[in-house]
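**Q**
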Ligand SMILES: Cc1cc2nc3c(=O)[nH]c(=O)nc-3n(C[C@H](O)[C@H](O)[C@H](O)COP(=O)(O)OP(=O)(O)OC[C@H]3O[C@@H](n4cnc5c(N)ncnc54)[C@H](O)[C@@H]3O)c2cc1C
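Residue numbers (our numbering): 45 to 344.
1. For residue 156, tell me which candidate among 101, 205, 85 and 137 has the shortest Cα-Cα distance.
2. In this structure, how does DSSP classify residue 173 when only helix, strand and coil are distinguished?
3. Are the beta-carbon atoms belonging to residue 213 and residue 228 less than 8 Å from one another?
4. Evaluate residue 181 with the Cβ neighbour count: other Cβ atoms within 10 Å of its Cβ, from every protein chain shown; 16 or more gives buried, anything less gives exposed.
5. Specify, as a first and last residue, the run of the alpha helix (DSSP H) that residue 113 falls within.
6. Return helix, strand or coil for residue 314, following the three-state DSSP convention.
7. So is residue 329 buried or exposed if we call it buried at 16+ other beta carbons inside 10 Å?
8. Three or more C-beta pairs under 8 Å: does that hold for the stretch 307-321 against the stretch 229-237?
9. Under 8 Å, with one C-beta from each stretch per pair, do the stretch 99-111 and the stretch 133-145 reach the 3-pair mark?
10. Between which two residues does the alpha helix (DSSP H) harbouring residue 279 extend?
11. Ordered along the chain, which non-local residues of its own chain (more than five positions away) have a Cβ less than 8 Å from that of residue 174?
12. Quick one: is the Cβ of residue 196 within less than 7 Å of any heavy atom of ligand 1?
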C-alpha cells in the first residue's frame, strides 16, 4: 500500500512526487513512457524565466527526475488503464498489475495530437510527426505543414522554418491565442504562411507527398513532405472517465488546492481545467497538489 500514487511523470507529476516523498510519505510515480512527458520532445525551452537560457527539455527532465528519486519516490513504467475506489483509498490498475494507495494525484497531461481523418495512422513515421525538434531536420529544404492553433504550434512552426523551405500553418481561425509576439516573429521569417482551414486528406505512395485542406473557398491540395500535428490534444483521462468531474473539453475540475472535493484525489498540470499549459505552471501545480495530498493524508 502506497501513501500516494502519482499518475504521469511529466513536469507536474515529477514535481508532485518529489514533494510527497520529501514529506516522508511512500510515493510511486507511474508513467507509460518513462519520465519526462512532453518535455522529452523539446530542444531549448521557451517561457521558462526561472531556468538558465538554453535549458532543453531533456535537461529539465533529468533534473526533475533526479530530484524526485533523491527525495525517495519510486518510478514505475506502466500504462494506467483504470482507477477505482477501494474503501478509503484507491486501486490503480496498470498493464503491469494493480497498486493500492491512500491518495492519487492525476498528472497525465494531454494526448498526442491527431487530425481525425481516415488513414492518418498509416503516415506515422512516413511524414506525420508530433515533434519539430526530433523530426524537423529530416525535412531540411522541403515544404512542411503545421496543424494547430495555439502558441506552441506557432512556436513549432517558427522552429521548423529555420530548416524547411516553406512552412504552412493550418489553423482553425481567429487570432492564434496568446501568440502575438510569435506571429510577428513568424511574419519576419518570411517563409511561414498562415492558412485558415482543416486538413481533410493525406496522400503519397512513398511517404507523404500532398495534403488536402478544406477552406471556406473550397479545397486546396498543397505539396508537403511532413505534417506536424498539434490539433485535437485532449486531456488523457480515459482510465477514469465516468468517475471524474470534467469540463466541456474533458479537463478535470479541481478546487484551488487541486483537490477533487471529498476524496483523496488530486489533479495537476495540463490535465486540469484552466491550466495555463506551460512548464512553469505544471511544476507549480505539481508542488501544490503534492502539498495538498501531504496535508490531507497526514491528518487522516
Ligand atoms: C509542441 C509543444 C511545445 C511546447 N513548448 C513549451 C515550452 O517551450 N515552454 C513551456 O513552458 N511549455 C511548453 N509546452 C507546454 C508544456 O509542454 C506542457 O504545459 C507541460 O508539459 C505539461 O506538463 P504535464 O506534466 O501536465 O503533462 P505532460 O508533460 O503531458 O506529462 C503527462 C505524462 O503522463 C503520462 N500519461 C498519460 N496517460 C497515462 C496513463 N494512462 N498511464 C501512465 N502514464 C500516462 C504521459 O506519458 C506523460 O509522460 C509545449 C507544448 C507543446 C505541445
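Ideal Cβ placement from N, Cα and C applies to all residues, glycine included.
**A** Looking at the atomic coordinates:
1. Relative to the Cα of residue 156, the nearest Cα in the group 101, 205, 85 and 137 belongs to 85.
2. The answer is strand: DSSP assigns residue 173 an E or B state.
3. No. Outside cutoff.
4. Exposed, because fewer than 16 other Cβ atoms sit within 10 Å of the Cβ of residue 181.
5. Following the DSSP letters along the chain, one finds residue 113 inside the alpha helix (DSSP H) bounded by residues 101-115.
6. Three-state result, residue 314: helix.
7. Counting of Cβ neighbours within 10 angstroms places residue 329 among the buried residues, the total reaching 16 or more.
8. With the rule of 3 Cβ pairs closer than 8 Å, the stretch 307-321 does not count as touching the stretch 229-237.
9. Cβ pair count under 8 Å is below three, so no.
10. From DSSP, residue 279 is part of no alpha helix (DSSP H); its letter is neither H nor E.
11. Here the set comprises 85, 156, 157, 272, 273 and 274.
12. Judged by the Cβ position, residue 196 qualifies as a neighbour of ligand 1 at the 7 Å threshold, a heavy atom of the ligand being closer than this.
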